[in-house]
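Residues 2 to 806, numbered by this note's numbering, are exactly what the sequence shown covers, in order.
From the three backbone atoms N, C-alpha and C, an ideal C-beta is built for every residue, glycine too.
Please read all numbers here as calculations on a predicted model, not as lab measurements.
This report refers to the structure that appears directly beneath it.
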Amino acid sequence: MLDGLVLDLRHAVRSYAKRPGFTAAAVGMLALGIGANTAIFSVAYALVFKPLSYPEPERLVSLWPETAVDKMMAAATAERARSFEATSAYGAKDFTLAGDGDPVVVAGAQVGPRHFDVLGARALLGRTFRPGEDAPGQSHVVVLGYPLWRERFAADPGIVGRRIGIEGEQYTVVGVMPQGFQPLQPGWKMWTPLPVNRGDTNDYLNSFYLQMVGRLRPGVSPARAQAELAGLARELRKEYPNLITPEKSDGVLAAPLHEQLVGRARPTLVVLLAAVGVVLLIACGNVANLLLARASERRREVAVRTALGAAPGRLVRQILTESLLLGAAGGALGLALAFLAVRAIPSLLPEDTQRASEIAVNGPVLAFSFLVSLVSAVLFGMVPARRAATADPQTALSEETQRGSLGRGGRRSGQVLVVTQVAAATVLLIAAGLLLKSLARLQSVPPGFDVDGVLTMRLDLVDARYPTPAAKVDYYRRVLERMAALPGVTGAGAIQLLPLTSQNWHFPYVAQDHPIAPGSPEGTVLPDADFRIVTPGYFRAMRIRLLQGRPLAATDAAESAPVGLVGRTMARQLWPRGDAVGKTIQLFGQGGPEFTVVGVVDDVHSDRLDASPRPTIYRPLSQWPNGSMFVMLRTALPPASVAASARAAVRSIDPGVPLSQVRPMREVVRTSVADERFTSMLITGFALLAALLAVSGVYSVISYALARRAREIGIRLALGAQPGDVFRSAIGEGALLAGAGVAVGLLGAVAVTRVLASRLFAVSTLDAAVFLLSAFLVAAAAIASCWLPAWRATRVSPAGALQHE
């Protein structure tokens, strides 16, 4: 058996060496298909299939996953829920880190004291947090991530116990996490305890910005935890009827953490895996056609061997061995292409993609590549192997005498493969067209402000340097005055949260004419609105229209009457008669700060372009001071050209204030649709590759058929046929194959594109323009591919063709 296999391999190598063009074409097509599949699987494995890198990750669950929670809900869950060994609330926070160089803003999180216990993580140096370190006055400790320890502190082994400046105060470093530790959000480099002060009502009860993670006790299922949390939710709704909304207490309350972290990426990767699977199938179809054509040239050899007693199984083994050799070569080259692609893909992913750093060609990916190569070899080797096993020697020898024929079975098999390829390419191109049109529609949505000509930058003040509200307000006043005087700057303003970055503050409120009486029945909840802190110049810098009333002004000082603006949606919901100006709004309900509405501005898409604008409140910085603000500069010059002078202006006022995230607003908007762009671009690339492979399939079938009919064509020309007739006949055969493939593809697309419905914005899954244009492009390309072999057929010399035969 082994000797026979060695002989088959030697025979296959010699055979392919004699046909380098055929071999290169087959290996190249396979490499493209296998390489694309391996690259996308490496992404899918890292982002979705790979278990979380924590001990016993199956016991980790996300609590209250469908909504943000406040500190009260987090404390109640930790104290009352018995299904968990430990729970932890956490909230992202950007820290201003001073000392050991220029001040910088570092992404991190405030977490519960048992956060690292929940994750099963241990410090590389020192320790993690202890119970009680979230109490007021006890939370000035910090755990550093390995990258920050290495980059900022030169991997100082004596860092534990050292005091460092964070937010202008001294924090003690108690630990450093190991290099392989994966935070719950990409980019987190430091952690401090989440301070809990139950006496601060607004902070403890009204700030819904936290997420929660828990570790189940051994033997406790997520379903049991869900049932327990449902009971806890009912208790909390009775205790806090105006705070715990149905959306917070109903639905999924405990879900596997893995699903929560990677769930958003799953639909995208399913679509991409399906697309590259189609590309591979088309490549296999092409190789199968090439092998069929090659097998037709060996019909006499196979027929003679069969007539001499060779068993069909022996012939099948030889053909499959040759296929496996091609598959191995294509797999090796495809793996090399995948290595290159994997290096580039992380830079194309959205910035907040979970686990993007784990994308690599590792053991499971190598196993997948091997399996794909093996399956591909079997797929494209089955058709010629089956024909060899079932071929009748007498019929084969008879067909061999008909040198103008591939054989009826061979022709039919080749044509079916080509029609299937064209159909698959049509479906994929239609899907790409729908996604591209959806992306174009999404990018054309007016965000509510003028995107072009705006430079953004973030400034973060620390309380130690600017301890009073007046000091913060005065700093930003000076910065904006200095910015407004820069050459080319025509407007300057600031806001605490940049639009279209998924960052949000939303506060409950009570509005005039919409009171909620004390003692309201269970389930009565306060509405909430997005909350924005701005300077008066923000609306001018962003060109947000004032629809009613007056804008915010410099005279709206801290000692003046509290005022604010509302967005159009909020004004229409609360006061549909258009009398919003002069009404009052009380934040956080009874006893909360109150302000008077002095104007209504146009809506802004604060979160996503494909989401409807939410009710929005704008309060002036002078009356609601905040240390962190995004400065917005409108400039008549290219925004990037103003960046250097803007940095200099900030440093001239206070070089100790860190400046970060300097970028044009156009880039911010572009980043907000990065996920949609990533999917659209990759699907389009795969669709074009599939179309190219399908067109090459049409070309190879028509080219080979005409080459085998050279004698017939020569006789026809000798008997008076016109070259134009030969040309039209060849083009007609290709058009028939292309038309059949496109028709099947259109029918398939009607069913397949329905899975894209959730990913499309303002585009129907049956968009007629996309369907017709995609069908036309595929058909036109396929027919055009027939031009060269058809032209060659018209140049056949009758005498030469007959003499050659």
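Whole-angstrom distance between residue j and residue i, CA atom to CA atom
| i | j | result |
| --- | --- | --- |
| Gln261 | Pro66 | 7 Å |
| Asp135 | Ala90 | 11 Å |
| Ala791 | Ala27 | 23 Å |
| Gly524 | Ala231 | Summary for Gly524: the model assigns pLDDT 48, below 50, so the residue's position carries little reliability; its value from the coordinates is reported in the next sentence. Taking the straight line joining both Cα atoms gives about 15 Å. |
| Val288 | Ile732 | 23 Å |
| Leu380 | Arg569 | 60 Å |
| Thr680 | Ala758 | 14 Å |
| Tyr17 | Ala330 | 11 Å |
| Ala124 | Leu350 | 30 Å |
| Ser629 | Asn363 | 42 Å |
| Met458 | Val663 | 4 Å |
| Ser646 | Leu487 | 7 Å |
| Thr246 | Ser503 | 22 Å |
| Ala122 | Gly181 | 10 Å |
| Arg749 | Pro223 | It is Gly, not Arg, that sits at residue 749 in the sequence shown. About 39 Å. |
| Leu61 | Gln591 | 38 Å |
| Glu359 | His259 | 15 Å |
| Leu707 | Val428 | 29 Å |
| Asn38 | Thr421 | 20 Å |
| Gly1 | Glu170 | Any property of residue 1 remains undetermined from this structure, which presents the chain solely from 2 to 806. |
| Met571 | Thr617 | 6 Å |
| Ala342 | Leu334 | 13 Å |
| Gly220 | Asp251 | 25 Å |
Beta-bridge pairing of residue i - partner residues as DSSP gives them
| i | result |
| --- | --- |
| Tyr467 | According to DSSP, which records beta bridges pairwise, Tyr467 is partnered with nothing at all. |
| Val727 | Looking at the DSSP assignment, Val727 forms no beta bridge with any residue, so it has no partner. |
| Thr193 | Gln111 |
| Ile167 | Leu98, Glu170 |
| Gly492 | Arg635 |
| Ala530 | Phe508 |
Own chain partners of residue i with C-beta closer than 6 Å, once the 5 adjacent residues on each side are dropped
| i | result |
| --- | --- |
| Pro448 | His606 |
| Gln183 | Ser54 |
| Arg755 | Thr766 |
Three-way DSSP call (helix, strand, coil) for residue i in this model
| i | result |
| --- | --- |
| His606 | coil |
| Val613 | Going by the sequence as given, residue 613 is Ser instead of Val. Coil at Ser613, not helix or strand. |
| Leu1 | Limits of the chain in this structure are 2 at one end and 806 at the other, which puts residue 1 out of reach. |
| Lys51 | coil |
| Gly220 | coil |
| Leu309 | Unreliable positioning characterises Leu309 in this predicted model, as indicated by a pLDDT of 49, which lies under 50. The coordinate reading is nonetheless provided below. Here Leu309 sits in coil by DSSP. |
| Ser43 | helix |
| Tyr91 | strand |
| Glu560 | coil |
| Ser786 | coil |
| Ser84 | coil |
| Val175 | strand |
| Asp353 | coil |
| Glu260 | helix |
| Pro58 | helix |
| Tyr539 | helix |
| Thr685 | helix |
| Pro621 | strand |
| Thr129 | coil |
Neighbourhood of residue i by C-beta distance below 7 Å, restricted to the same chain and skipping five residues each side
| i | result |
| --- | --- |
| Ser1 | Given that the chain is displayed from residue 2 to residue 806, the structure contains no residue 1 and the question cannot be resolved. |
| Tyr46 | Pro365, Val366 |
| Gln403 | The predicted model places Gln403 with a pLDDT of 45, which falls under 50 and marks its position as unreliable; any figure quoted below should be read in that light. Same-chain partners within the cutoff: there are none. |
| Arg265 | none |
| Ala741 | Val420 |
| His515 | Leu575 |
Within-8 Å CB hit, residue i to chain D
| i | result |
| --- | --- |
| Ile545 | Of the chains in the structure shown, none is chain D; there is only one protein chain. |
Sequence-distant residues of its chain with Cβ nearer than 8 Å to residue i (five each side left out)
| i | result |
| --- | --- |
| Gln139 | Gly133, Pro194 |
| Arg533 | Ile496, Gln497, Leu498, Trp506, Ser607, Thr617, Ile618, Tyr619, Arg620 |
- Message: Check whether the segment 64 to 80 and the segment 618 to 633 are in contact - that is, three or more C-beta pairs closer than 8 Å.
- Response: These segments do not touch.
- Could you tell me whether the segment 464 to 484 touches the segment 321 to 332, where touching means 3 or more Cβ pairs closer than 8 Å? When Cβ pairs closer than 8 Å are counted between the two stretches, the segment 464 to 484 is seen not to touch the segment 321 to 332, the count staying below three.
- Query: Do the segment 777 to 792 and the segment 712 to 722 touch if we need at least three Cβ pairs shorter than 8 Å?
  - Reply: As far as the Cβ criterion goes, the segment 777 to 792 does not touch the segment 712 to 722, which means the pair count is below three.
- Can at least three beta-carbon pairs, one atom from the segment 701 to 713 and one from the segment 677 to 686, be found at a separation below 8 Å? Contact between the segment 701 to 713 and the segment 677 to 686 is absent, because fewer than three Cβ pairs lie under 8 Å.
- Query: Below 8 Å, can you find three or more Cβ-Cβ pairs linking the segment 556 to 574 to the segment 622 to 629?
  - Reply: Yes, since at least three Cβ pairs between the segment 556 to 574 and the segment 622 to 629 fall closer than 8 Å, the two stretches touch.
- Flag this pair as touching only if the segment 272 to 285 and the segment 99 to 110 have three or more C-beta atom pairs under 8 Å; answer yes or no. The segment 272 to 285 is not in contact with the segment 99 to 110.
- Message: Three Cβ pairs or more, each shorter than 8 Å: is that satisfied between the segment 594 to 610 and the segment 565 to 585?
- Response: Under the Cβ criterion (8 Å, minimum of three pairs), the segment 594 to 610 counts as touching the segment 565 to 585.
- Message: Any contact between the segment 489 to 499 and the segment 524 to 544? By contact I mean 3 or more CB pairs, one from each, below 8 Å.
- Response: Counting Cβ pairs under 8 Å, three or more are found: they touch.
- Message: For the pair the segment 754 to 771 and the segment 434 to 453, tell me if three or more CB-CB distances fall below 8 Å.
- Response: Flag = yes, the segment 754 to 771 and the segment 434 to 453 touch.
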